[in-house]
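Taking it in order: structure first as structure tokens, then the write-up.
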Amino acid sequence: MMNADLTAERSQQESSPPVEAAESLETVAQSASKGKKKSTDKDKDAGSSTKRRCVSTACIACRKRKSKCDGNLPKCAACASVYLTECEYAPHTDHRRKGVYKKDVDATKTKNSTLQILIQAILNADEEDVMDVVHQIRTCDSLEELAATIEAQEKGILEGPGDSPVFTGESNVPQFEAELSGRMGDLMLDGSVKFIGGTSNLIWMPEEYEHRGAPGVPAHQQVVVRPREEAILSWTTVTQDKEVILHFMNMYFCWHYAFFTTLAKELFYRDFLTGTSSHYCSHLLVNVMLALGCHFSSRPTARADPDDSGTTGDHFFKEAKRLLYENDEFANAKLCTVQALALMSVREAGCGHESKGWVYSGMSFRMACDLGLNVDAVPMNEISRLNDEDIDARRITFWGCFLFDK
21 MMNADLTAER SQQESSPPVE AAESLETVAQ SASKGKKKST DKDKDAGSST KRRCVSTACI
81 ACRKRKSKCD GNLPKCAACA SVYLTECEYA PHTDHRRKGV YKKDVDATKT KNSTLQILIQ
141 AILNADEEDV MDVVHQIRTC DSLEELAATI EAQEKGILEG PGDSPVFTGE SNVPQFEAEL
201 SGRMGDLMLD GSVKFIGGTS NLIWMPEEYE HRGAPGVPAH QQVVVRPREE AILSWTTVTQ
261 DKEVILHFMN MYFCWHYAFF TTLAKELFYR DFLTGTSSHY CSHLLVNVML ALGCHFSSRP
321 TARADPDDSG TTGDHFFKEA KRLLYENDEF ANAKLCTVQA LALMSVREAG CGHESKGWVY
381 SGMSFRMACD LGLNVDAVPM NEISRLNDED IDARRITFWG CFLFDK
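Residue numbering for the sequence shown follows this note's numbering, starting at 21 and increasing by one per position.
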């Protein structure tokens, strides 16, 4: 009986595990689950560390195909692994911070300009005034304002003695500059307005000489008014037929003037019909215009040799060349001389003499610059004594020369 009880208790112990063993198994299971959780968190952290970072500038290839770019150097992942394309970066094309960079550049320029003005003020100051300038720099509230004040005084914007120690004392420089600027760019010499520079000695010629008439021409001949027929015949020695002269002149204005406008028609006719030699009409200019008018006429008188069409206008052009050299028109630049030389260049080029045409056009352009036709005459109107007609004629002549040059 006792043996049977011992056998039953032993079998019960073998069938059910001990409590200590169960507790140890539970502890092992919990530690395994914790280890698995920790490994999962580490994997997450590793994945987050390899996440694509944001870059400010993508490569050119990724921009074109509008794909993500990780910004790696020398090649991004998309170009190296996926698309297998060349990977290039253009950092200067990123304009998102352009405004910031511009502000930085402007601030640097302002700072450099301020320092340059202050240093220049110290260098230009008198020996006894240098310490005063340094004291102003050390005690001023704003270096920019001090530099602006010094710069304004240099340009003459601010007036009054004692504003700056650099520019103290009486000086005659402003009066000299005013006199110089009043004479530069304008000279009425021999009745012709010319444009000159500051290095020319002509700016110091006495004022009464500027208004002197043309040498060798009596004053009464400059204002003489002749009868109309006599006035028309006085312009050329080639013919004394008024009807022929007017016919060739009409041919010029009808067919040539409209395409190559280089003179003021009204001002020319005003002096042409009265026989008045002026800046708008001269013997040289009239003969050149008649030579051009001959090319649009079928009359025998339009040719130097009536039987040779190759001599069309040669007689008038020969007279024009004689006047050009005998009267030394090169030394006495006038508006009508510029116009005549320009028309002579057109006529020679039209006759196949291109080299001679270039010579005449070059003389015309340089004489135009000598007269200052390339300078706007409106600001010089008061000192140059030019009226509206003169200014308009100068503009027409300049742009006519410009047209010939093209």
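We put the CB at the ideal spot given by N, CA and C, even for glycine.
Note that the structure is a prediction, hence the values are computed from the model and not measured.
Selected residue, minimal CA-CA separation from residue i, among the options
i, options, result
"alanine 413", "Val154, Val102, Cys301 and Asn132", "Cys301"
"glutamate 108", "Arg386, Cys82, Ser298 and Asn132", "Cys82"
"isoleucine 137", "Glu147, Lys86 and Glu165", "Glu165"
"serine 318", "Met271, Arg158 and Lys354", "Met271"
"asparagine 92", "Thr259, Cys79, Arg85 and Asp348", "Cys79"
"isoleucine 170", "Val153, Met383 and Tyr103", "Val153"
"phenylalanine 418", "Asn407, Cys160, Lys354 and Trp378", "Lys354"
"glutamate 174", "Asp161, Ile157 and Asn144", "Asn144"
"leucine 287", "Lys86, Pro326, His276 and Asn407", "Asn407"
"serine 162", "Glu147, Lys131 and Glu148", "Lys131"
"leucine 312", "Asp261, Ala369, Glu346 and Pro326", "Ala369"
"proline 94", "Lys84, Arg248 and Thr105", "Thr105"
Per-residue DSSP class, three states only, for residue i
i, result
"threonine 296", "coil"
"threonine 332", "strand"
"aspartate 206", "Low local confidence applies: a pLDDT of 46 at aspartate 206 is under 50, so the model's placement there is unreliable, and no value is given."
"arginine 319", "coil"
"valine 308", "helix"
"asparagine 270", "helix"
"histidine 373", "coil"
"tryptophan 255", "coil"
"glycine 218", "Residue confidence for glycine 218 is low, a pLDDT of 44 falling below 50, so the modelled location carries little weight and cannot support an answer."
"aspartate 126", "helix"
"asparagine 92", "coil"
"lysine 444", "Given a span of 21 to 426 for the chain in the structure shown, any question on residue 444 remains unanswerable."
"phenylalanine 424", "helix"
"tyrosine 103", "helix"
"tyrosine 289", "helix"
"aspartate 152", "helix"
"asparagine 132", "helix"
"lysine 86", "coil"
"alanine 413", "helix"
"glutamine 260", "coil"
"aspartate 408", "helix"
"phenylalanine 3", "No statement about residue 3 is possible, as the shown extent of the chain runs from 21 to 426 and does not include it."
"leucine 283", "coil"
"asparagine 347", "coil"
"serine 365", "helix"
"threonine 169", "helix"
"threonine 159", "helix"
"phenylalanine 418", "helix"
"alanine 81", "helix"
"alanine 278", "coil"
"cysteine 301", "coil"
"glutamate 108", "coil"
"glutamate 230", "Residue placement at glutamate 230 is flagged as unreliable, the pLDDT there being 40, under the threshold of 50; the coordinate-derived value follows with that caveat. DSSP places glutamate 230 in helix when its eight states are reduced to three."
Distance CB(residue i)-CB(residue j) smaller than 9 Å
i, j, result
"leucine 304", "cysteine 356", "yes"
"threonine 282", "isoleucine 416", "yes"
"leucine 134", "alanine 167", "According to the sequence provided, residue 134 is threonine. The question's leucine does not apply to it. Yes, the pair counts as a contact, with Cβ atoms nearer than the cut-off."
"glycine 333", "cysteine 314", "yes"
"phenylalanine 292", "isoleucine 252", "yes"
"alanine 388", "valine 358", "yes"
"arginine 290", "phenylalanine 337", "no"
"valine 150", "isoleucine 139", "no"
"aspartate 410", "histidine 335", "no"
"phenylalanine 350", "leucine 343", "no"
"threonine 257", "isoleucine 265", "no"
"alanine 110", "threonine 77", "yes"
Whole-angstrom C-beta distance between residue j and residue i, which should lie under 8 Å
i, j, result
"leucine 310", "phenylalanine 268", "5 Å"
"serine 381", "phenylalanine 424", "6 Å"
"alanine 397", "methionine 364", "Between methionine 364 and alanine 397 the Cβ distance is about 25 Å, and since that is not below 8 Å, they are no contact."
"alanine 100", "cysteine 89", "No, alanine 100 and cysteine 89 are not in contact; Cβ-Cβ is about 11 Å, not under 8 Å."
"alanine 362", "cysteine 274", "Their Cβ separation, rounded to whole angstroms, is 19 Å, which puts alanine 362 and cysteine 274 out of contact at 8 Å."
"glutamate 250", "glycine 295", "7 Å"
"alanine 360", "valine 308", "5 Å"
"tryptophan 378", "valine 306", "About 24 Å separates the two Cβ atoms, so there is no contact after all."
Cutoff 9 Å: residue i Cβ touching any chain D Cβ
i, result
"glutamate 108", "The structure shown has no chain D; it contains just one protein chain."
- Item | Residue ranges of each alpha helix (DSSP H) within the region 378-402, 4 or longer | DSSP assignment within the region 378-402 yields no whole alpha helix (DSSP H) run of 4 residues or more.
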